[in-house]
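All remarks here apply to the structure that follows.
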Amino acid sequence: MSAEVVDSNPYSRLMALQRMGIVANYERIREFSVAIVGIGGVGSVAAEMLTRCGIGRLLLYDYDKVELANMNRLFFRPEQAGMTKTDAAVQTLTDINPDVVLESYTLNITTVQGFDTFMSSLKNKTFHPAKEGSGVDLVLSCVDNYEARMAVNQACNELNQTWMESGVSEDAVSGHIQLLIPGETACFACAPPLVVASGVDERSLKREGVCAASLPTTMGVVAGLLVQNTLKLLLQFGHVSPYLGYNSLKDYFPTMEMRPNPQCSNAACLERQKEYILGKPARDAEAKAKMEAATLLANEGPLHADNEWNISILDDSELEMTGATSTGDFECLCS
Numbered sequence: 586m587s588a589e590v591v592d593s594n595p596y597s598r599l600m601a602l603q604r605m606g607i608v609a610n611y612e613r614i615r616e617f618s619v620a621i622v623g624i625g626g627v628g629s630v631a632a633e634m635l636t637r638c639g640i641g642r643l644l645l646y647d648y649d650k651v652e653l654a655n656m657n658r659l660f661f662r663p664e665q666a667g668m669t670k671t672d673a674a675v676q677t678l679t680d681i682n683p684d685v686v687l688e689s690y691t692l693n694i695t696t697v698q699g700f701d702t703f704m705s706s707l708k709n710k711t712f713h714p715a716k717e718g719s720g721v722d723l724v725l726s727c728v729d730n731y732e733a734r735m736a737v738n739q740a741c742n743e744l745n746q747t748w749m750e751s752g753v754s755e756d757a758v759s760g761h762i763q764l765l766i767p768g769e770t771a772c773f774a775c776a777p778p779l780v781v782a783s784g785v786d787e788r789s790l791k792r793e794g795v796c797a798a799s800l801p802t803t804m805g806v807v808a809g810l811l812v813q814n815t816l817k818l819l820l821q822f823g824h825v826s827p828y829l830g831y832n833s834l835k836d837y838f839p840t841m842e843m844r845p846n847p848q849c850s851n852a853a854c855l856e857r858q859k860e861y862i863l864g865k866p867a868r869d870a871e872a873k874a875k876m877e878a879a880t881l882l883a884n885e886g887p888l889h890a891d892n893e894w895n896i897s898i899l900d901d902s903e904l905e906m907t908g909a910t911s912t913g914d915f916e917c918l919c920s
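In my numbering, the protein residues as written are 586 to 920.
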C-alpha cells in the first residue's frame with residue numbers, strides 16, 4: 586500500500602491519515618477480515634466503503650436476488666437485476682478494488698444448514714493462520730429482520746466474536762449502529778426490541794403487498810457511521826460508541842451504554858459474561874502496567890528537548906529564574 590501522492594495511487598488519500606497523525610499505521614487495514622451479513626441497502630454500501638478503504642478480506646452473506654425495486658438504493662445497477670446479491674456485489678467490488686480478497690456465501694443463516702456454514706466460514710483462518718480467535722476480526726450485521734439478527738447474535742456469542750449491528754427504521758428516517766462485545770456489552774438477546782419484549786410475533790407486522798419505506802440517504806448515513814466505527818475499532822483511533830442512533834428529522838445522534846443482562850436468555854452470552862468477570866484482574870494489571878510505563882516515559886525528560894531548530898523549552902520555574910513570567914515576556918534560548 587503506497588503512500589506516494591500521485592493521481593494514479595488509489596491509497597494516497599487514505600495514507601494521508603497516517604502522515605497527519607490520525608492513524609498510527611494505516612497499512613494494517615490489509616491484515617483485517619470483515620464479514621458482512623445482509624448485502625442490502627446498508628450492507629452493500631458498507632461493503633463498497635470498506636473495499637475503497639483497502640480492507641484485506643470481505644466475507645459477504647445474503648440469499649436474496651437483486652430486483653429493480655432495489656434501484657432506489659445505492660450500489661446495485663439495473664443490469665444486475667436477477668443476479669444474486671452476493672454475485673452482483675463481488676462483480677462490482679472486484680471492479681472497484683481487485684486487491685481485496687472477496688468470499689461470497691449465497692445462503693440463509695436462519696436455516697440449520699445456512700447457520701452451520703456461517704459458523705464454519707467465520708472460523709476459517711486461512712487468510713491469517715496465526716491470528717488468535719476466529720478467522721474474522723469483525724462481523725457487521727446489516728440484516729432487516731429479528732430472526733437473522735438473533736442468528737448472528739448466537740454465532741458471535743458462541744465464537745466470542747465481536748460484531749456490530751445496524752438497522753434502519755421502517756419509515757426510513759432513522760437508524761442506529763451498535764457495538765456488541767460478548768461478555769462486555771449487551772448482546773442482542775440482552776435487550777431485545779420493544780416489539781419482541783412485548784410478545785408480538787414480528788411476522789404478523791408484515792402485510793402482504795406493503796413494504797417498508799426506503800431512503801438511500803438514511804441508509805448511506807447509517808452505512809457511513811457503521812464503517813467509520815469499524816475503521817476506528819480496527820485501526821484503534823478515536824472513540825467507538827457502544828450505541829449510536831440517528832434521527833434525520835431532528836438531526837439527532839443519541840448515544841448510550843449497553844451493559845450485559847445477568848439474566849440474559851442466551852446461554853452462550855452468560856458464559857461470555859462469566860469469562861469477562863474472571864478476566865478482570867488480568868485486564869486491570871495490564872492497564873496498570875501500561876499506565877506506569879507511560880508515566881515513566883513522561884518523566885524521562887522534557888518534551889521537545891532536542892529539535893532541529895536547537896530551541897530549549899523552559900517551564901514556569903525556569904522562567905522565574907531568568908526574570909521572565911508565565912504571562913509576560915518569554916525567553917527562547919537558541920544556540
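Glycine included, each C-beta is placed from N, C-alpha and C at the ideal position.
All figures in this text were calculated on a predicted structure; none of them were measured in a lab.
| Query | Result |
| --- | --- |
| Burial state of Asp-838, where buried means 16 or more other Cβ atoms lie within 10 Å | Correcting the residue type first, residue 838 is Phe in the shown sequence and not Asp. By the 10 Å Cβ count, Phe-838 comes out exposed. |
| Stretch-stretch touch, CB-based, cutoff 8 Å, three pairs: the stretch 800-816 with the stretch 623-641 | yes |
| Simplified DSSP state of Ser-719, which is helix, strand or coil | coil |
| DSSP beta-bridge partners of Gln-763 | Glu-750 and Tyr-828 |
| Complete alpha helix (DSSP H) runs within the stretch 628-671 (minimum length 4 residues, chain order) | 628-638 |
| For Ser-726, three-class secondary structure by DSSP | strand |
| Ala-620 - DSSP class collapsed to helix/strand/coil | strand |
| Separation of Ala-874 from Ser-759, as counted between CA atoms | 43 Å |
| Candidates Ala-733, Gln-848 and Leu-707, of which the one nearest Arg-642 by Cα | Leu-707 |
| Residues near Ser-826 in its chain [Cβ-Cβ closer than 6 Å; skip 5 each side] | Thr-840 |
| Residue environment, Leu-744, which counts as buried when at least 16 other CB atoms sit within 10 Å | buried |
| Expected contact under 8 Å - CB spacing of Asn-846 and Cys-775 to nearest Å | 4 Å |
| Segment contact flag, the stretch 691-702 with the stretch 652-659, C-beta cutoff 8 Å, min 3 pairs | no |
| Min CB distance Asn-709 to chain D below 8 Å | Considering every chain present, this structure includes no chain D. It has just one protein chain. |
| Start and end residues, beta strand (DSSP E) containing Thr-803 | It is not in any beta strand (DSSP E) - Thr-803 instead sits in the alpha helix (DSSP H) that spans 801-820. |
| Straight-line gap, Ala-674 to Gly-628 (C-alpha atoms, nearest Å) | 10 Å |
| Length of the line joining the Cα atoms of Thr-671 and Tyr-690 | 7 Å |
| Three CB pairs or more closer than 8 Å across the stretch 721-729 and the stretch 745-755 | yes |
| Proximity below 8 Å, CB of Gly-720 to CB of Tyr-861 | no |
| Sequence-distant residues of its chain with Cβ nearer than 6 Å to Leu-818 (five each side left out) | Val-825 |
| Per-residue DSSP class, three states only, for Met-876 | helix |
| Whole-Å CB distance - Ile-762 paired with Val-697, under 8 Å assumed | Rounded, the Cβ-Cβ distance is 29 Å, inconsistent with contact. |
| Classification of Ile-607 by the beta-carbon crowding that lies within 10 angstroms, buried from 16 upward | exposed |
| Where Thr-840 sits in the DSSP three-state scheme | strand |
| Supposed close pair Phe-773, Leu-765 - CB separation, criterion 8 Å | 7 Å |
| Nearest residue (CA-CA) to Pro-801, options Asn-657, Ala-853, Leu-692 and Ala-740 | Asn-657 |
| Check whether Ala-733 and Ser-799 have beta carbons under 8 Å apart | no |
| First and last residue of the uninterrupted beta strand (DSSP E) at Tyr-731 | Note, Tyr-731: premise wrong, no beta strand (DSSP E); alpha helix (DSSP H) at 731-744. |
| Alpha-carbon spacing of Ser-705 relative to Thr-669, whole angstroms | 21 Å |
| Top-ranked residue by Cα proximity to Thr-711, from Leu-644, Gln-603, Leu-881 and Leu-834 | Leu-644 |
| 7 Å Cβ shell around Ala-666 - same chain, five flanking residues per side excluded | Val-651, Glu-652 and Leu-653 |
| Backbone CA spacing between Thr-677 and Ser-850 [nearest angstrom] | 40 Å |
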